[in-house]
Each structure stands twice: as C-alpha cells, then as structure tokens.
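Beneath this line is the structure, given in structure tokens, with notes to follow.
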Amino acid sequence: MSKRIAIIASQGGMETAFKVMNIALAGAATDAEVQVFFTFDGLDIIHVNAAEKLTLPAEKQHYVEGLQKANVPPITDMIQMAQESGVRFIACQMTMDVLGLTKEDLMDGIDVAGAMTFLDFAYDADVSLTF
Amino acid sequence: MNIDFLQEANKTVDCQGLSCPMPIVKTKRAITEIHPGQVLEVLATDPGSVADVQSWTRRTGHEYLGTVEDGPTFKHYIRRAALEQTEPDKKHPLTASHETLLAAMEQDVQLLDVREPLEYAAGHIPSAVSVPLGQIKNWITEHQHLAQQKIFVVCHSGNRSDTACKILHEHGFHRVFNVVEGMRKWTGPIQVPNGTHSGPASHSKES
C-alpha cells in the first residue's frame, strides 16, 4: 500500500496555498496518495479566479521579492502541477452552500464532497496536516 | 567518492535556480524517462536538495549514488531501480471476497480481525479472533503451529489486513488471505455486544 497524505486547507491567501501545494507536490513525487480537502477560505485556492484571490496582505509583501528570487513557480502553476501529479482535490460541499458557489466556480477536476469523504481517506492516512 | 558515474549519466535534469519542491518534482518525472539501471544526473542549486534527494531515493527505492559539488551547483546522481524494487508497497497478492470467506466459514477456519479492540467489540464476525495489528508479531510467535493453515485476515477497509498479511507472509505463513472488502461492507453474521445478528453492524441495534 502506498503512503497516504491527508491535508485540510482551511485558510486562503497565497501563503497558505504555497504551503499546501509544496507538501502535496513533494508527497506526489514520492508516489504517495495525496488528498486535499478545501474548506472555508481554503476554497479560494481552487477557485477559477485563484490567480486574483490568492494575494499577500500588505504586511507580507516582503515575500514577493523573495519568492521571485527563489524562483518559486507561480502558485497557479503549482496547483496545476499538483493536479497533474494525481493529487486529489476535494471541495467542501457545506462551504460551497454557505458561499453560494457551484462547481463552475471551481477549477476543473475538483470533486465536491463532505467531511466523511475526506475522513474515509484520512482514517487510513500516514500523514494528516491542516493549513 | 567514486565519481565513475559522472560519465555514466544517461540523462540530466536541470533544476538550477529552482526551489523546493521543484527539484524533487522534476527528478520524479525525469526518472521515468530512463530505464531501470540507468543513471540520472540532477543539477540543482537549492542546498536543501542535498538532503531532499536522498530522502526521496529512500522513499522511492531508487539508488542514491552521490552528490558532487561544482561551484554553486550540486550534481546528484541517482540510479533508477528495477521495477519490482520501486514497488516496496505492493499489495499482498492473496485476497478473498466476502463470498469466499462465508463459504470457508462453513468449516472450521482461522479468521483474524486486526482492528483495534474497541472496533472489534463494537461488532465482529462471530468466529473472528481479535489480534490488533500492533500485536500481530506476538500472535505469530505464539501460533507457529498454524503456519501451514489457511488464514483469513480482516480489518475495517482492507488496508490494515493487507499489512498484516504481508507480515504473516514474511514470517512463513504462506496461506494467508486478505479479506479486501473489510468489515465496512460485511453483510454476513456479526457478533455485537448484545448478541448475534445476521445484518451489518450499523443495523444491529434492533434487539
């Protein structure tokens, strides 16, 4: 059985998105099964307008130069790479209802499901993380 | 360090200037483009890649040959493993469906339930013996006389039982079958705290 990594992304913003995708991509590179459950503000990360929604607040602007200098790929590229690497993205149905979002508001290839779907995966996970 | 592999590299992947996790992501892709036994050269400037490449090879079964520093560039060398070596987590090959288990249960059969004691207590197959996964090695030590017998192993979803089957197999128990569908889909007889029922555990409160 391959290793399983279960991640909850509950916050928005560029910083959170980088943290989540970094671990997800590294996990996928070791042939681990990776699932990310996006809930509350975390849904911004897989929104069709993620590029506009994932910003850095004023007090975090010092990251901008560093990210460029370190040649970190744009967050939207990392999200796409994660999907191409087989990372499974799940959007929280409840948050979508609360925000009035539909599947069309999200990127392609996202499953919409409830907490139980994530737990079913997480019960047998080797690593569980929350961001 | 033996640097003969410098000449041997069959492919080079350039990760210079890239930060974590990109060197690993690109290495993972590049390794699939060479044949088992061939050598991949990874060029990186990320100092973190020195530790990360080694961790990655440990996890994936490929062989880490070494790193050569060339100015600001680290040259990592990795030999791609044979296919079977890259699948250390292969599933236990012998499995049994619920139907097979039910048929086998008509005779006296060894059935191990490797879930935790609380899960077992909440509802289990009547003839199942509770051996939590963490206890399986103790059980093996005490039951060497059963090594030649047919043994079925069950858990909640088929994952822990898969691990248990592999441990049993490593210790000379070669007729072990993973009940892959697990207890979560079991509809056969079940023993619950208040008696025996023929339905699944979740419908077992009517008595």
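Those protein sequences? They're chains A and B, same order as listed.
Position one of the first sequence corresponds to residue 197 (the working numbering), numbered consecutively onward.
Position one of the second sequence corresponds to residue -19 (the working numbering), numbered consecutively onward.
Positions of the beta carbon are idealized from the N, C-alpha and C atoms, including for glycine.
Point to revise | Residues of the stretch 289 to 322 of chain A with Cβ closer than 9 Å to any Cβ of chain B, in chain order | key: D316, Y319 and D320
Check your understanding: Between A287/A and F236/A, which are expected to be in contact by the criterion C-beta below 8 Å, what is the C-beta distance as a whole number of angstroms?
Key -> The pair is not a contact, with the Cβ atoms about 11 Å apart (cut-off 8 Å).
Point to revise | Counted within 10 angstroms of its Cβ, other Cβ atoms place P3/B as buried (16 or more) or exposed | key: buried
Check your understanding: To which residues of the same chain is A309/A closer than 7 Å at the C-beta, ignoring the five residues directly before and after it?
Key -> I286 and Q289
Check your understanding: What separation, rounded to the nearest whole angstrom, lies between the Cα atoms of S187/B and P173/B?
Key -> Unreliable placement is indicated for S187/B, whose pLDDT of 35 sits below 50; the coordinate value is still reported in the next sentence. Cα to Cα, the separation comes out at about 11 Å.
Review point. If you draw a straight line from the C-alpha of Q279/A to the C-alpha of E79/B, how long is it?
Key: 37 Å
Check your understanding: Near A10/B, what residues of its chain come up, given a Cβ to Cβ distance below 8 Å and the 5 sequence neighbours on each side ignored?
Key -> K(-9), V(-7), L20 and V22
Practice item. Check N158/B in the structure and name its three-state DSSP category. Key: strand
Practice item. May I have the straight-line CA-CA distance separating I105/B from K146/B, to the nearest angstrom? Key: 22 Å
Exercise for review: List the endpoints of the continuous alpha helix (DSSP H) containing Q90/B.
Suggested key: Premise fails: Q90/B lies in the beta strand (DSSP E), Q90 to D93, not in any alpha helix (DSSP H).
Exercise for review: Going by DSSP, name the residue or residues bridged to V205/B.
Suggested key: There is simply no residue 205/B to check, as chain B begins at -19 and stops at 187 in what is shown.
Check your understanding: Any contact of the stretch 257 to 276 of chain A with the stretch 201 to 215 of chain A, i.e. 3+ C-beta pairs under 8 Å?
Key -> yes
Check your understanding: Counting Cβ pairs, one atom from each stretch, are 3 or more of them under 8 Å apart for the stretch 308 to 327 of chain A and the stretch 261 to 270 of chain A?
Key -> no
Review point. Quick one: which chain B residues come within Cβ less than 9 Å of V268/A?
Key: L(-2), S(-1), C0 and M2
Review point. Can the beta-carbon of V94/B be found less than 8 Å from the beta-carbon of S141/B?
Key: yes
Practice item. On the DSSP bridge assignment, give the partners of V(-7)/B in chain order. Key: V22/B
Exercise for review: Kindly list the residues whose CB is nearer than 6 Å to the CB of R60/B, restricted to its own chain and excluding five residues on each side of it in sequence; keep chain order.
Suggested key: I11, I14, P16, Q18 and H42
**Study point:** Closest residue to Q90/B among E49/B, Q124/B, V133/B and A62/B (Cα-Cα distance)
**Key:** V133/B
Point to revise | Contact list for the stretch 17 to 39 of chain B against chain A, Cβ threshold 7 Å | key: W36 and R39
**Study point:** chain D contact residues for T212/A, given Cβ-Cβ distances below 9 Å
**Key:** You won't find chain D in this structure, because its protein chains are A and B.
**Study point:** CB contact flag (I364/A, V244/A, <8 Å)
**Key:** The structure shown has nothing for residue 364/A, since chain A only spans 197 to 327.
Point to revise | Beta carbon proximity, A222/A to chain B, threshold 8 Å | key: yes
Review point. If you measure from the beta carbon of V5/B to each beta carbon in chain A, is any gap under 8 Å?
Key: yes
Point to revise | Exposure label - S182/B; buried when at least 16 CB within 10 Å | key: Unreliable positioning characterises S182/B in this predicted model, as indicated by a pLDDT of 46, which lies under 50. The coordinate reading is nonetheless provided below. It is exposed - the Cβ of S182/B has fewer than 16 other Cβ atoms within 10 Å.
Practice item. Hey, could you find the ends of the alpha helix (DSSP H) E261/A is sitting in? Key: H258 to K265
Review point. CA-CA distance, P169/B and N218/A?
Key: 46 Å
Review point. Is K249/A near G208/A, with beta carbons less than 8 Å apart?
Key: yes
Point to revise | Secondary structure of E43/B, DSSP reduced to three states | key: strand
**Study point:** Residues near F314/A in its chain [Cβ-Cβ closer than 8 Å; skip 5 each side]
**Key:** A202, I204, Q231, F233 and I286
Check your understanding: Over what stretch of residues does the alpha helix (DSSP H) that includes K8/B continue unbroken?
Key -> M2 to I11
Practice item. Compute the distance between the beta-carbons of A76/B and L113/B, then report whether it is under 8 Å. Key: no
Point to revise | Bridge-paired residues (DSSP) for F234/A | key: A205/A and A287/A
Practice item. Look at the alpha carbon of M210/A and the alpha carbon of G(-3)/B, and state the distance between them as a whole number of angstroms. Key: 21 Å
Exercise for review: Could you tell me which of C(-5)/B, L126/B and H149/B sits nearest to T53/B, measuring between CA atoms?
Suggested key: C(-5)/B
Review point. Is there at least one Cβ from chain A nearer than 8 Å to K(-9)/B's Cβ?
Key: no
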